[in-house]
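Residues 670 to 878 (this note's numbering) make up the sequence shown, in order. Every residue, glycine too, gets a C-beta built ideally from N, C-alpha and C. Report on the following structure.
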Amino acid sequence: MRQHVNPLSSNFNKVEIIPSLGEMFSDPKLNLHLDIGCGAGDFLFDLALVNTSWNYLAIEIREKLVKTAKFKAREREIKNLFFLFGNAHNILNDKQSKFFVENVKSISFNFPDPWFKKRHHKRRVIQPELINILSTLLGTGSLIFIKTDVKELFDYMNCIISSNLNFKVLDKKDFNYYESFNPNKIKTNRENNVIVNQLDIFERIYIKI
Ligand SMILES: C[S@@+](CC[C@H](N)C(=O)[O-])C[C@H]1O[C@@H](n2cnc3c(N)ncnc32)[C@H](O)[C@@H]1O
Numbered sequence: 670m671r672q673h674v675n676p677l678s679s680n681f682n683k684v685e686i687i688p689s690l691g692e693m694f695s696d697p698k699l700n701l702h703l704d705i706g707c708g709a710g711d712f713l714f715d716l717a718l719v720n721t722s723w724n725y726l727a728i729e730i731r732e733k734l735v736k737t738a739k740f741k742a743r744e745r746e747i748k749n750l751f752f753l754f755g756n757a758h759n760i761l762n763d764k765q766s767k768f769f770v771e772n773v774k775s776i777s778f779n780f781p782d783p784w785f786k787k788r789h790h791k792r793r794v795i796q797p798e799l800i801n802i803l804s805t806l807l808g809t810g811s812l813i814f815i816k817t818d819v820k821e822l823f824d825y826m827n828c829i830i831s832s833n834l835n836f837k838v839l840d841k842k843d844f845n846y847y848e849s850f851n852p853n854k855i856k857t858n859r860e861n862n863v864i865v866n867q868l869d870i871f872e873r874i875y876i877k878i
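Here it is in structure tokens:
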């Protein structure tokens with residue numbers, strides 16, 4: 670079992686300098702997808718290589734993973750993928766991030782850390798403040814995808830997002846994946862593991878109205 674990083678630690682208070690979209694991507698005008706808590710980023714590499722009409726930005730709190738992912742992206746000359754190190758809350762709350770969040774078309778939270786103990790719920794990545802920031806900055810029609818194998822965490826995240834009146838649940842049957850950031854329904858590492866272990870997956874899509 671890996672050691673969890675406490676996102677509330679003051680180690681993450683300082684946000685690194687965020688490059689412009691032109692510095693992150695070779696074509697900054699492409700649709701932008703943001704993945705929060707990307708782990709080693711394998712999912713994003715798979716997406717970026719296949720879907721060259723999208724840019725992918727990923728945030729991860731474990732610095733070593735981000736360093737390795739950045740190195741891999743540079744080495745493979747992948748120009749539609751960029752990684753940011755830090756606590757997603759602090760990054761998205763930072764004035765520097767306004768420009769990219771306003772450009773984001775969709776955001777994924779895939780299998781976030783569950784932080785099972787009640788006293789640790791504040792460490793969960795989806796919090797009302799984060800959803801408020803997103804509801805202020807995201808454009809109308811932007812999407813939020815959540816996915817987890819922990820029912821209690823799903824209910825918690827769903828309650829927070831649904832309580833924000835700027836987001837509405839999108840019926841999966843009305844959703845066209847071919848036009849999304851993940852047309853081939855590529856799976857994350859955690860998702861593959863969950864499937865092998867035949868666990869349930871709870872997921873939902875929300876649209877900014
Ligand atoms: C269970 S892993 C899932 C990784 C990947 N999304 C997947 O589905 O395979 C959750 C990831 O979120 C990261 N994480 C947790 N809290 C975070 C935060 N506040 N900001 C950024 N990353 C965070 C963790 O370090 C970890 O890599």
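Nearest CA to the CA of residue i: which residue from the options?
{"i": "G755", "options": "P781, K767, I728 and S777", "result": "I728"}
{"i": "T857", "options": "V819, F780 and N680", "result": "F780"}
{"i": "F751", "options": "R743, Q867 and F823", "result": "R743"}
Look at the Cβ atom of residue i, then the Cβ atom of residue j, and state whether they are nearer than 8 Å.
{"i": "F694", "j": "K748", "result": "yes"}
{"i": "I687", "j": "L753", "result": "yes"}
{"i": "P852", "j": "H758", "result": "no"}
{"i": "N713", "j": "C707", "result": "What sits at residue 713 in the sequence shown is Leu, not Asn. The answer is yes: Cβ separation under 8 Å."}
{"i": "S635", "j": "L812", "result": "The first residue shown for the chain is 670 and the last is 878, placing residue 635 beyond what the model contains."}
{"i": "I874", "j": "K841", "result": "yes"}
{"i": "V819", "j": "P797", "result": "no"}
Kindly indicate the opening and closing residues of the alpha helix (DSSP H) around residue i.
{"i": "L677", "result": "Note, L677: premise wrong, no alpha helix (DSSP H); not H, not E."}
{"i": "I747", "result": "From DSSP, I747 is part of no alpha helix (DSSP H); its letter is neither H nor E."}
{"i": "R873", "result": "No alpha helix (DSSP H) contains R873, which is instead part of the beta strand (DSSP E) from F871 to K877."}
{"i": "A757", "result": "A757 to N762"}
{"i": "G808", "result": "Where G808 is concerned, there is no enclosing alpha helix (DSSP H), given that its DSSP letter is neither H nor E."}
8 Å is my cut-off, CB to CB: does residue i come that close to chain B?
{"i": "M826", "result": "Given the protein chain composition of this structure (a single chain), no chain B is represented."}
Grab the span of the beta strand (DSSP E) containing residue i for me, first residue to last.
{"i": "N861", "result": "No beta strand (DSSP E) holds N861; the alpha helix (DSSP H) holding it covers N858 to V865."}
{"i": "I855", "result": "Taken as a continuous stretch (DSSP letters only), I855 belongs to no beta strand (DSSP E), as it is neither H nor E."}
{"i": "K816", "result": "L812 to T817"}
{"i": "F836", "result": "F836 to L839"}
{"i": "A727", "result": "W723 to E729"}
{"i": "N700", "result": "N700 to I705"}
{"i": "S777", "result": "V773 to N779"}
Just checking my contact of residue i with residue j at CB under 8 Å: how many whole Å lie between their CB atoms?
{"i": "L703", "j": "L726", "result": "5 Å"}
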